[in-house]
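*Asks:* In the numbering used here, the protein residues as written are 35 to 413.
Structure provided below as structure tokens; questions to follow.
Structure below.
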């Protein structure tokens, strides 16, 4: 395979580095693959440009119901790619790819984990739901053991979930973690970024600033974080909330916390946001990996993050590299973590340094090589 330039089709509905963990992973990996092989991206939405990639627009006839759009995306990409590529690599639900990079837990998980009467009731309910039936059908078509099909999981956490629902795939999965670009930012640049941002949002120079980044505030733990801040009720603690969630969905009762919470929406260039904060807080209720944690560490931020039960990346962390939450719904535990890092600069610097060192051992070259190895299994 090393001597042959492959023709590769990449499938994903939203091709955007700022779209979320799966989208960021896809963009970073695809850019690197395009330096080696001929790469075509098939997507409904594209906010990226890369001279080595050919982009193809897949129409989105319907935004809702989403399951209909998913079925149409699978059908239209099959028509567009069938018989024309050496590898069809999907980062989305589709029926016809050779390589599937899986980013989220299986649809079947709830059915697999249900027992006895609950399982019977769940299946009965499913038969009455076209949406659930559609997603289960798509996933079942995807998760088949075929001679020219292989799967890539982004974490050990997700690998276990896949095998729990589809035991037959155990020997057909490669694990390829997300990577990171080494961040080298001049101290003067960082100081200027912090100064300008804090002036813009009226944040005192002496304030301790948390950063929360997510597309989906509730699932990533913002309500519990707000409750933790309300317990502390510290006017010197501010939180920046970046992402596509709706601020109106988040209840804030404390005037102090209300004033010190800054919703800034989606940020295209995160490398300019990380340096303005002191600590990333990520009490997620479910992340197969948690790329935002790795990125924050690469920018020398200390991190408060859910345990490995909830966040795949935490399997690779210890208490010297992050404040690890055993229960991300416990606002008291979160408040203790926040207060500890706010008050103990020496500890914060130690965690920041160790986290940064950890981040430097994880790179996209490894992700790319493992993906190329998966391609070999199909050729």
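Here a beta-carbon is modelled for each residue, glycine too, at the ideal position from N, C-alpha and C.
Does residue 230 pass the burial test, meaning 16 or more other C-beta atoms within 10 Å, or should it be called exposed?
*Replies:* Label assigned to residue 230: exposed.
*Asks:* If you reduce the DSSP assignment to three classes, tell me which class residue 117 lands in.
*Replies:* Of the three classes helix, strand and coil, the one that applies to residue 117 here is coil, per DSSP.
*Asks:* Mind pulling the alpha helix (DSSP H) runs of 4 or more residues that sit fully within the segment 164-220?
*Replies:* Complete alpha helix (DSSP H) runs here, min 4: 164-176, 190-199.
*Asks:* Is the Cβ-Cβ distance between residue 255 and residue 336 less than 8 Å?
*Replies:* Their beta carbons are not under 8 Å apart, which means residue 255 does not touch residue 336 by this criterion.
*Asks:* When the Cα atoms are used, what is the spatial distance from residue 223 to residue 377?
*Replies:* Residue 223 and residue 377: Cα-Cα distance of roughly 26 Å.
*Asks:* Quick check on residue 122: does DSSP put it in helix, strand or coil?
*Replies:* Note: residue 122 maps to strand in three-state DSSP.
*Asks:* Which residues bound the beta strand (DSSP E) around residue 305?
*Replies:* Neither: residue 305 is in no beta strand (DSSP E) and is coded neither H nor E.
*Asks:* How about the segment 331-347 and the segment 78-88: do they share at least three Cβ pairs that are nearer than 8 Å?
*Replies:* Contact between the segment 331-347 and the segment 78-88 is absent, because fewer than three Cβ pairs lie under 8 Å.
*Asks:* Between residue 363 and the rest of its own chain, which residues show a CB-CB distance below 6 Å, the 5 nearest in sequence each way excluded?
*Replies:* Here the set comprises 258.
*Asks:* Distance, Cα to Cα, residue 291 vs residue 351?
*Replies:* For residue 291 and residue 351, the distance between alpha carbons rounds to 30 Å.
*Asks:* Look at the alpha carbon of residue 114 and the alpha carbon of residue 89, and state the distance between them as a whole number of angstroms.
*Replies:* Spanning the two alpha carbons is a distance of roughly 12 Å.
*Asks:* May I have the straight-line CA-CA distance separating residue 414 from residue 118, to the nearest angstrom?
*Replies:* The structure shown does not extend to residue 414, since the chain is modelled only from 35 to 413, so the question has no answer here.
*Asks:* Suppose you measure from the CA of residue 288 to the CA of residue 105; what does that come to, to the nearest Å?
*Replies:* Near 45 Å, if we compare the C-alpha coordinates of residue 105 and residue 288.
*Asks:* Please classify residue 409: does DSSP put it in a helix, a strand, or coil?
*Replies:* It is helical.
*Asks:* Quick check on the DSSP output: the beta strand (DSSP E) that includes residue 89 runs from which residue to which?
*Replies:* Segment 87-91, the beta strand (DSSP E) holding residue 89.
*Asks:* If you follow the alpha helix (DSSP H) that residue 358 is part of, which residue opens it and which one closes it?
*Replies:* Segment 357-359 is the beta strand (DSSP E) holding residue 358; no alpha helix (DSSP H) there.
*Asks:* Using beta-carbon positions only, say whether residue 68 and residue 143 come within less than 8 Å of one another.
*Replies:* Result no, Cβ atoms of residue 68 and residue 143 do not sit closer than 8 Å.
*Asks:* Taking the runs of the alpha helix (DSSP H) that are 4 residues or longer, which of them lie wholly in the segment 342-397?
*Replies:* Runs of the alpha helix (DSSP H) inside the segment 342-397: 365-377, 379-393.
*Asks:* Residue 262 to residue 309, Cα distance in whole Å?
*Replies:* C-alpha separation (whole angstroms): 23 Å.
*Asks:* With a cut-off of 8 Å, do at least 3 Cβ pairs link the segment 297-313 to the segment 401-409?
*Replies:* No: the two stretches stay apart, fewer than three of their Cβ pairs being nearer than 8 Å.
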